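Here it is as structure tokens:
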């Protein structure tokens, strides 16, 4: 029987870097959601992933066709909120994003409620085929991208994400855009690493401005604002292409976790050690602590007396339950040592 984690708690404190919090308007799913089912879904098997890789995920979905998430009223409210918060956006110095807003769920009550809405979670869980919850790391719950100030630059270069599941939603009207299309490569991480001449697949998260075989690249046509695609972002290589003319382009990327225990943690906490945001380290530690708590709680419920010497079996069970916490702790030690030796921060995100 599959065991499911309880959704992670939202932090009770807020980073000092958050300048303001918008209390209103109030999110109302009956008014602001208009959930539809995607017309078709591409699976990991369609992308060429082998059985071993597919077994590491509780969902067969690679990426969906666009489907409606927000009503017209929901779009209008979200647009106004994100335009209000746009002056708080960051300008990237690394290889990836150009202009982006961190921690929108810690800046807006509306965005926070939308990202954790039970109706939305049930809908996306049905699409994924496995129960989902908001990501335990707040910046991953709703990450906002704005158009770059340099027109020739990609809104977001080719990359895979640092989390397993996300929904990319077009907030601005796609009919007003020249260029700026959301694109993805139909193939596996292993194929991409070979195409790009990489020794390690894990480098795919860094971001690449490169040409890919045109017959392997799919362009997404969003029917309108408030439509999204759902995908396993760490397994689908994707980008937001450059704009051909200056225009408002706003997307919101909502991140999720599969609640099914027994699968590997897909959150790239090792990469997060090098982001230009100290608060993400506390978030990563909370993420690891949450996973350990959930797995220890499940273990506590499942432990039973048995005949024979149980020491090795029990030791392995305990080690497995806290493995994520130990892994993240070691990543932090290694990153701290590298920082002392003067290694550069690459400034990339998601």
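In my numbering, the protein residues as written are 679 to 1028.
Glycine included, every Cβ here is placed at the ideal spot set by N, Cα and C.
Just so we're clear, the structure is a prediction, and the values are computed from it rather than from any experiment.
Across the set 901, 875, 686, 900, the C-alpha of 875 shows the shortest separation from the C-alpha of residue 890.
The C-beta of residue 1009 has 16 or more other C-beta atoms within 10 Å across all chains shown, which makes the residue buried.
The three-state secondary structure of residue 836, taken from DSSP, is strand. Taking 8 Å as the cut-off, the Cβ atoms of residue 848 and residue 936 do not count as close. By the Cβ rule, the region 815–825 counts as touching the region 926–934, because three or more pairs are nearer than 8 Å. By the C-beta density criterion, residue 782 is buried, having at least 16 other C-beta atoms within 10 angstroms. In the three-state reduction of the DSSP assignment, residue 844 falls in the strand class, which pools E and B. With contacts defined by Cβ atoms closer than 8 Å, residue 915 and residue 884 do not form a contacting pair. In this structure, residue 995 keeps its C-beta atom at 8 Å or more from the C-beta atom of residue 970. In terms of Cβ geometry, residue 711 and residue 747 form a close pair [threshold 8 Å]. For residue 823, the enclosing beta strand (DSSP E) covers residues 821–824.
For residue 917, no alpha helix (DSSP H) run applies; the uninterrupted beta strand (DSSP E) run containing it begins and ends at 916–918, by DSSP. Residue range 1001–1018 is occupied by the alpha helix (DSSP H) that includes residue 1012. If you draw a straight line from the Cα of residue 749 to the Cα of residue 709, it comes to about 7 Å.
The Cβ-Cβ distance between residue 795 and residue 705 falls below 8 Å.
Contact check for residue 744 against residue 957 fails: the beta carbons are separated by 8 Å or more.
The alpha-carbon of residue 959 is positioned some 35 Å away from that of residue 852. DSSP places residue 875 outside both helix and strand once states are collapsed to three, so it counts as coil.
Cβ-Cβ distances below 7 Å link residue 968 to 686, 814 in the same chain, with the five nearest sequence neighbours on each side left out; the list follows chain order. When DSSP states are grouped into helix, strand and coil, residue 786 belongs to the strand group. Look at the region 947–994 and you find these whole runs of alpha helix (DSSP H), each 4 residues long or longer: 947–950, 957–980. Comparing alpha-carbon positions, the option among 780, 842, 786 lying closest to residue 911 turns out to be 842. Straight-line spacing of the CA atoms in residue 778 and residue 940 works out to 34 Å. In the three-state scheme derived from DSSP, where H, G and I count as helix and E and B as strand, residue 709 is classed as helix. With distances taken between CA atoms, residue 719 lies nearest to 804 out of 707, 856, 804, 892.
In the DSSP assignment, residue 757 falls outside any beta strand (DSSP E) and within the unbroken alpha helix (DSSP H) covering 750–763.
DSSP places residue 742 in the uninterrupted beta strand (DSSP E) bounded by 739–742. For residue 779, the enclosing beta strand (DSSP E) has its first and last residue at 777–779. Residues 1009, 1013 of the same chain have their beta carbon placed closer than 6 Å to that of residue 951, with the five preceding and five following residues left out of the count. Between residue 682 and the set 955, 938, 948, the nearest pair of CA atoms involves 938. For residue 812, the enclosing beta strand (DSSP E) covers residues 810–812.
Here residue 769 is exposed. Its C-beta has fewer than 16 other C-beta atoms within 10 Å. Collapsing the DSSP output to three states places residue 861 in a strand.
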